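Asks: Chains as they are written, first to last, in the working numbering: chain V, 7 to 213; chain E, 750 to 921. The beta carbon of each residue, even a glycine, is placed where N, CA and C say it ideally should be. Small disclaimer: the values here were computed from a predicted structure and weren't measured.
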Amino acid sequence: MTLNNLFDQIESVQYESELAIANGFRVFQRALIDNEITRSLVQHLQQHPGDSRFVFERLLTLLSTNDQPEYAHPSDAAIAGYLYSLREVDTILANMAASRVSQTSQLWWAKKLARQMLEGDISTTSKQFSFGAKHGPGVVFSSQDAACTYSVHSPHIYFLVRFSRVETRNPAPKLPLSPYRLSSSTSTRFDYSAEGSIGRSLERITP
Amino acid sequence: MRILLPGVPEPGGENPHPIYARSGWEIPLDSEKLPESTVKQMQLRAKHWLDTISGITVRSLSGFPYNCVGMIFACRRAAIDIDHIYNILREDGYRRIDRSQLKPGDVVLYKDQNGQPTHVALVIAIERYKQVLNIQVMSKWGGTAPEFVHFVESVPDLYGNPSEFYTDRIEP
Numbered sequence: 007m008t009l010n011n012l013f014d015q016i017e018s019v020q021y022e023s024e025l026a027i028a029n030g031f032r033v034f035q036r037a038l039i040d041n042e043i044t045r046s047l048v049q050h051l052q053q054h055p056g057d058s059r060f061v062f063e064r065l066l067t068l069l070s071t072n073d074q075p076e077y078a079h080p081s082d083a084a085i086a087g088y089l090y091s092l093r094e095v096d097t098i099l100a101n102m103a104a105s106r107v108s109q110t111s112q113l114w115w116a117k118k119l120a121r122q123m124l125e126g127d128i129s130t131t132s133k134q135f136s137f138g139a140k141h142g143p144g145v146v147f148s149s150q151d152a153a154c155t156y157s158v159h160s161p162h163i164y165f166l167v168r169f170s171r172v173e174t175r176n177p178a179p180k181l182p183l184s185p186y187r188l189s190s191s192t193s194t195r196f197d198y199s200a201e202g203s204i205g206r207s208l209e210r211i212t213p
Numbered sequence: 750m751r752i753l754l755p756g757v758p759e760p761g762g763e764n765p766h767p768i769y770a771r772s773g774w775e776i777p778l779d780s781e782k783l784p785e786s787t788v789k790q791m792q793l794r795a796k797h798w799l800d801t802i803s804g805i806t807v808r809s810l811s812g813f814p815y816n817c818v819g820m821i822f823a824c825r826r827a828a829i830d831i832d833h834i835y836n837i838l839r840e841d842g843y844r845r846i847d848r849s850q851l852k853p854g855d856v857v858l859y860k861d862q863n864g865q866p867t868h869v870a871l872v873i874a875i876e877r878y879k880q881v882l883n884i885q886v887m888s889k890w891g892g893t894a895p896e897f898v899h900f901v902e903s904v905p906d907l908y909g910n911p912s913e914f915y916t917d918r919i920e921p
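Written out as structure tokens, the structure is:
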């Protein structure tokens, strides 16, 4: 299926109707993740990472298209679908999109998803990885919410995480499941592969 | 708190007013009000579901921003997250009953395959035909879809199955 076909489907009445019946954000997220069209788009983007840019541009186009601004945004579900798909494949673009979505009025589910991404997901919040000045093998990097140890002799970057909530949808293969949800007083240490979006964003702080 | 008939005042103001359960407990609401849908949007959603699930009828095409929980427990004044449903049932004095004990005015709670609540509906009629019990309910499908009258099993897959049944009747 081509990207344009996926755009047509994700902006269809069917997609919108099936997501609009959610009675809570948890239910909406499940509907979004389990939806065949959403899954097809994510799969397409995983196979064609370069198309993420077109999804991002499409999302921005929809954001600015609301003929009746006093009513609910007609593309709320589609925007949420694009946002979720971007989150699965390109966290940097997803962050940029989430920032724009969170500032757009008359959105409901898309805005909730954007806020979750911006506030609660370490893997998609780049500012939480702007570490302090101390770089070097084995040195702890401090930030507002997290600390990180980095070793040039290791293929992994080590994070010491202190978060009230950790939810990541793109775990590295060696990431154990247990740190997904942590209490506010809990800290843990886990491997995170240097590959992927997180790895790319951290290259800038590599000593 | 529960409304069975139309004629409820329109919601007003930009932010929802506080809504209380019978115990006085304030039901948690979003700080923002659910945006209102246009009639055209509501008609499209209604048509989609009428074409998809047989035996359902549109009860109301209202675009006012409330959902299934708001319809039953908040006078159609707000969209209330389904995750608050157990607190609302408790604070409103509901008790769990068996399916066979259902009467008009009782509440059906739907749960998904993971056992999580997804939807609530209000029983409006019960017909027994030979050994079959036909339970007709009314419910609003999401915050921006219409109210439907439907049989208790005739719901979108997302809602799962009618799993728990509650009443606030004094008598058994």
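Pick helix, strand or coil for R826 (chain E), following the three-state DSSP scheme.
Replies: In this structure, R826 (chain E) counts as coil in the three-state DSSP scheme.
Asks: Going by the CB atoms, is the gap between Y815 (chain E) and R808 (chain E) shorter than 8 Å?
Replies: No, they are not a contact pair.
Asks: Since G30 (chain V) meets chain E, which of its residues come closer than 7 Å, beta carbon to beta carbon?
Replies: Residues of chain E passing the Cβ test: D830, I831, D832.
Asks: Pick out whichever of V:I43, V:F60, V:Q109, V:W114 has its Cα sitting closest to the Cα of S81 (chain V).
Replies: When only C-alpha atoms are compared, the closest one is V:W114.
Asks: For a minimum of 4 consecutive residues, which ranges assigned as the alpha helix (DSSP H) are wholly contained in the stretch 42–81 of chain V?
Replies: Entirely contained in the stretch 42–81 of chain V, the alpha helix (DSSP H) runs reaching 4 residues are, in chain order, 42–53, 58–69.
Asks: With respect to the alpha helix (DSSP H) encompassing A26 (chain V), which residues constitute its N-terminal and C-terminal limits?
Replies: Residues 19–26.
Asks: Got a sec: which bits of the stretch 58–81 of chain V sit with their beta carbon under 9 Å from any beta carbon on chain E, in order along the chain?
Replies: Residues passing the 9 Å Cβ filter: Q74, E76, Y77, A78, H79, P80.
Asks: Mind listing the chain V neighbours of G891 (chain E)? Cutoff is C-beta to C-beta under 7 Å, in chain order.
Replies: Near G891 (chain E) (Cβ distances below 7 Å), the residues of chain V are A26, I27, A28, N29.
Asks: Buried or exposed: which applies to R59 (chain V), given that a residue is buried once 16 or more other Cβ atoms fall within 10 Å of its Cβ?
Replies: With fewer than 16 Cβ atoms within 10 Å of its Cβ, R59 (chain V) is classed as exposed.
Asks: Going along the chain, which residues of the stretch 761–790 of chain E sit with their C-beta nearer than 7 Å to a C-beta in chain V?
Replies: Against chain V - using a Cβ distance shorter than 7 Å - the residues of the stretch 761–790 of chain E are L783, P784, E785, S786, T787, Q790.
Asks: Shorter than 8 Å from the beta carbon of T867 (chain E) to some beta carbon of chain V?
Replies: Chain V, which has a Cβ nearer than 8 Å to the Cβ of T867 (chain E), makes this yes.
Asks: For T8 (chain V) and C817 (chain E), I'd like the C-alpha separation in whole angstroms.
Replies: So the alpha carbons of these two residues sit roughly 37 Å apart.
Asks: In this structure, does DSSP put L188 (chain V) in helix, strand or coil?
Replies: Its pLDDT being 28, under 50, L188 (chain V) is placed unreliably by the model, and nothing is read from it.
Asks: Since Y915 (chain E) sits in a beta bridge, which residues does DSSP pair it with?
Replies: Answer is E:R845, E:V856, bridged to Y915 (chain E).
Asks: So, with DSSP's three-state summary, where would you put F13 (chain V)?
Replies: Helix.
Asks: Looking at the C-beta of V898 (chain E), does it have a partner C-beta in chain V at a distance below 8 Å?
Replies: Judged by the 8 Å Cβ criterion, V898 (chain E) is not in contact with chain V.
Asks: How do the stretch 55–73 of chain V and the stretch 846–858 of chain E stand: do at least 3 beta-carbon pairs fall below 8 Å, yes or no?
Replies: At 8 Å Cβ cutoff, the stretches do not touch.
Asks: Is it the case that the Cβ atoms of I776 (chain E) and A823 (chain E) are separated by a distance below 8 Å?
Replies: Yes, they are a contact pair.
Asks: Does the separation of the CB atoms of S786 (chain E) and Y77 (chain V) fall below 8 Å?
Replies: For S786 (chain E) and Y77 (chain V), yes; Cβs fall inside 8 Å.
Asks: If we cut at 8 Å on Cβ distances, does A37 (chain V) have a partner in chain E?
Replies: At least one chain E Cβ lies under 8 Å of A37 (chain V).
Asks: Could you tell me whether the Cβ of S46 (chain V) comes closer than 8 Å to any Cβ of chain E?
Replies: Not one chain E Cβ lies under 8 Å of S46 (chain V).
Asks: Could you name the residues of the same chain whose beta carbon sits closer than 8 Å to that of A103 (chain V), not counting the 5 residues immediately before and after it, in chain order?
Replies: Here the set comprises F62, L65, L66, Y88, L89, L92, A120.
Asks: Please say whether I27 (chain V) and A894 (chain E) have beta carbons closer to each other than 8 Å?
Replies: In this structure, I27 (chain V) lies closer than 8 Å to A894 (chain E) by Cβ.
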